[in-house]
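Protein chains in written order, with the numbering used here: chain W, 6 to 222; chain G, 6 to 222. By construction, the Cβ of each residue, glycine as well, lies at the ideal position given by its N, Cα and C atoms.
There are 2 protein chains.
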Amino acid sequence: MADEVKLYAVGGSPFVCRVKIALNLKGIEYQNFEEDLSNKSADLLKYNPVYKKVPVLVHNGKPISESLVVVEYIDDVWKGVPILPQDPYEKAVARFWAKFIDDKCIPAIFKVFGSNGDKQAISEACEQLQILENELASKGNKFFGGDNINLVDITADFLAYWLEIIEEATEIKLVTKDKFPKITEWADNFVNCQVVKEILPPREHLLAFFRKRFGKA
Amino acid sequence: MADEVKLYAVGGSPFVCRVKIALNLKGIEYQNFEEDLSNKSADLLKYNPVYKKVPVLVHNGKPISESLVVVEYIDDVWKGVPILPQDPYEKAVARFWAKFIDDKCIPAIFKVFGSNGDKQAISEACEQLQILENELASKGNKFFGGDNINLVDITADFLAYWLEIIEEATEIKLVTKDKFPKITEWADNFVNCQVVKEILPPREHLLAFFRKRFGKA
């Protein structure tokens with residue numbers, strides 16, 4: 006029996022795009038079900054009753070949610086281009102940074118825009134970004150994972166693509182080339198990867214969305 | 006070369022105990038370095054410069070932090086009694102629930118005690134606990150993982166042991182047998198597992214600590 010792979014998604018979500026990048030990297034075909042978050046489908050509510058959120062991957066009828074759990078699942082099930090390192094220590098390091106991005110960086114950045122650029126929030130977000138900057142600088146690789154993207158890069162898709170668009174929409178600049186040269190370079194490398202470029206949502210749509218959301222439309 | 010395994014720890018921490026349970030389950034010998042959190046060791050700051058927190062596992066000189074990352078690492082490196090299911094789907098389900106406990110349950114419960122029993126906070130914590138109660142009820146197993154403890158049970162050690170002690174210290178009761186019969190039964194099974202029982206910190210120490218912390222000493 007051929008695999009049946011369904012993705013419940015919202016095209017503009019960086020969390021959904023993590024899963025799409027992973028699927029694309031592995032060359033997996035799937036059906037995409039675009040959700041209307043103001044009127045969620047019965048399927049989404051059935052498949053993710055705890056969070057009622059996208060992304061949800063349904064593989065041969067079995068649902069998996071939480072983007073990083075899904076990405077690890079994809080890496081577990083489909084061999085080919087690896088997403089996590091094979092070495093247990095390198096794998097732990099990748100999970101550590103993925104968790105750091107989710108638990109520390111992204112919430113700190115959301116606070117900046119949610120507070121309309123509060124100085125304390127900016128300073129806290131820059132502190133987290135500096136940690137990532139240092140990590141990239143100390144390794145000196147093209148990506149967090151080395152020469153190729155891995156779990157950490159995929160987790161950081163928001164930083165590579167969405168952040169700059171929200172900065173433009175809100176006119177609040179967090180990541181400059183001067184301040185974070187390594188993150189800027191990494192972001193450029195990441196969005197220009199073929200497997201990433203192919204699935205990123207159109208810039209203009211996101212810009213219009215965030216301008217509306219942050220009252221700058 | 007024999008493995009050198011060091012754990013930077015604080016005995017009373019449920020996050021540290023996750024790692025200790027995992028090490029005990031695998032039968033791994035290690036050196037325990039008890040930290041004074043008011044005067045952290047140079048080693049701790051060196052090994053976990055990002056969070057400066059325990060637990061940190063140092064395996065043959067290589068540091069790993071974040072308790073669930075460490076537990077997965079232990080399971081990856083040392084075979085024997087498994088901590089994560091082997092089946093990719095069951096593994097994803099275990100990671101989903103571990104993340105739920107960390108991201109939703111524990112913060113909701115901390116809010117209850119931090120707010121001295123605010124009604125809204127209690128209601129929100131009970132909502133999260135009800136989701137776990139339903140999960141245990143729907144599976145009907147002794148543990149989240151089935152007949153044996155797994156990643157989810159280990160992640161939930163706080164709920165099994167610490168919570169009841171904090172309830173006594175604060176005189177705020179969240180989990181009763183009437184309201185959460187499955188969680189109560191699971192907690193009892195969990196703390197009575199040999200590998201768990203052997204490493205749990207003494208109840209009286211924790212009770213005194215939490216009475217002091219919540220001003221009921």
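Check: Member of G:Pro54, G:Ala99, G:Lys178, G:Phe195 whose CA lies at the smallest distance from the CA of Ile127 of chain G; Outcome: G:Lys178
Check: As assigned by DSSP and simplified to three states, the class of Glu209 of chain W; Outcome: helix
Check: Any C-beta of chain G under 8 Å from that of Ser70 of chain W; Outcome: yes
Check: Cβ of Arg23 of chain W within 8 Å of any chain G Cβ; Outcome: no
Check: Endpoints, the alpha helix (DSSP H) within which Gln133 of chain W is located; Outcome: 124-144
Check: Which of helix, strand or coil DSSP assigns to Phe215 of chain G; Outcome: helix
Check: Pair within 8 Å by beta-carbon distance, Ala99 of chain W and Pro90 of chain W; Outcome: yes
Check: Inter-stretch contact (C-beta, 8 Å, three-pair minimum) for the stretch 105-120 of chain G and the stretch 121-136 of chain W; Outcome: no
Check: Residue burial classification, Gly32 of chain G (beta-carbon count within 10 angstroms, cutoff 16); Outcome: exposed
Check: Cβ distance (whole Å) where Leu134 of chain W is taken to contact Ile188 of chain W below 8 Å; Outcome: 6 Å
Check: 8 Å Cβ cutoff met for Gly151 of chain G and Val157 of chain G; Outcome: no
Check: Proximity test, Cβ basis, 8 Å: Pro112 of chain G and chain W; Outcome: no
Check: Val15 of chain G, enclosing alpha helix (DSSP H) - first and last residue; Outcome: Counting along the chain, Val15 of chain G falls outside any alpha helix (DSSP H), and DSSP gives it neither H nor E.
Check: Cα-Cα separation, Asn44 of chain W to Glu209 of chain G; Outcome: 51 Å
Check: Length of the line joining the Cα atoms of Arg218 of chain G and Val21 of chain W; Outcome: 41 Å
Check: Separation of Ser70 of chain G from Glu176 of chain G, as counted between CA atoms; Outcome: 33 Å
Check: Contact list for the stretch 127-153 of chain G against chain W, Cβ threshold 7 Å; Outcome: Ile136
Check: Contacts of Val55 of chain W in chain G (Cβ-Cβ under 7 Å); Outcome: Phe105, Ile136
Check: Boundaries of the alpha helix (DSSP H) in which Val76 of chain G is found, first to last residue; Outcome: 72-82
Check: Near-chain W residues of the stretch 77-93 of chain G (beta-carbon distance less than 8 Å), N- to C-terminal order; Outcome: Glu77, Tyr78, Asp81, Val82, Pro93
Check: Listed by chain order, chain G residues near Ala97 of chain W by CB distance under 8 Å; Outcome: Ile69, Val74, Val75, Glu77, Tyr78, Asp81
Check: In DSSP terms, what Phe38 of chain W is bridged to; Outcome: W:Tyr13
Check: N-terminal and C-terminal residue of the beta strand (DSSP E) that Val63 of chain W is part of; Outcome: 61-64
Check: CB contact check: Phe115 of chain W to chain G, cutoff 8 Å; Outcome: no
Check: Test: Phe20 of chain W CB closer than 8 Å to a CB of chain G; Outcome: no
Check: Listed by chain order, chain W residues near Arg216 of chain G by CB distance under 7 Å; Outcome: Neighbours of Arg216 of chain G on chain W: none; closest Cβ ~30 Å, over 7 Å.
Check: Chain-order list of residues whose beta-carbon lies under 8 Å from that of Ala27 of chain W (same chain, five-residue window excluded); Outcome: Val75, Val76, Ile79, Asp80, Ile88, Ile159
Check: C-beta contact flag for Phe185 of chain G and Ile154 of chain G at 8 Å; Outcome: no
Check: Check whether Val86 of chain G and Leu12 of chain G have beta carbons under 8 Å apart; Outcome: no
Check: In DSSP terms, what Pro68 of chain W is bridged to; Outcome: W:Val63
Check: Separation of Glu190 of chain W from Asn139 of chain W, as counted between CA atoms; Outcome: 13 Å
Check: Run of the alpha helix (DSSP H) containing Ile106 of chain G, from where it starts to where it stops; Outcome: Ile106 of chain G -> no alpha helix (DSSP H), and no H or E assigned at all.
Check: Classification of Phe162 of chain G by the beta-carbon crowding that lies within 10 angstroms, buried from 16 upward; Outcome: In the sequence under discussion, the amino acid at residue 162 of chain G is Asp, which differs from the Phe named in the question. Buried, by the Cβ-count rule.
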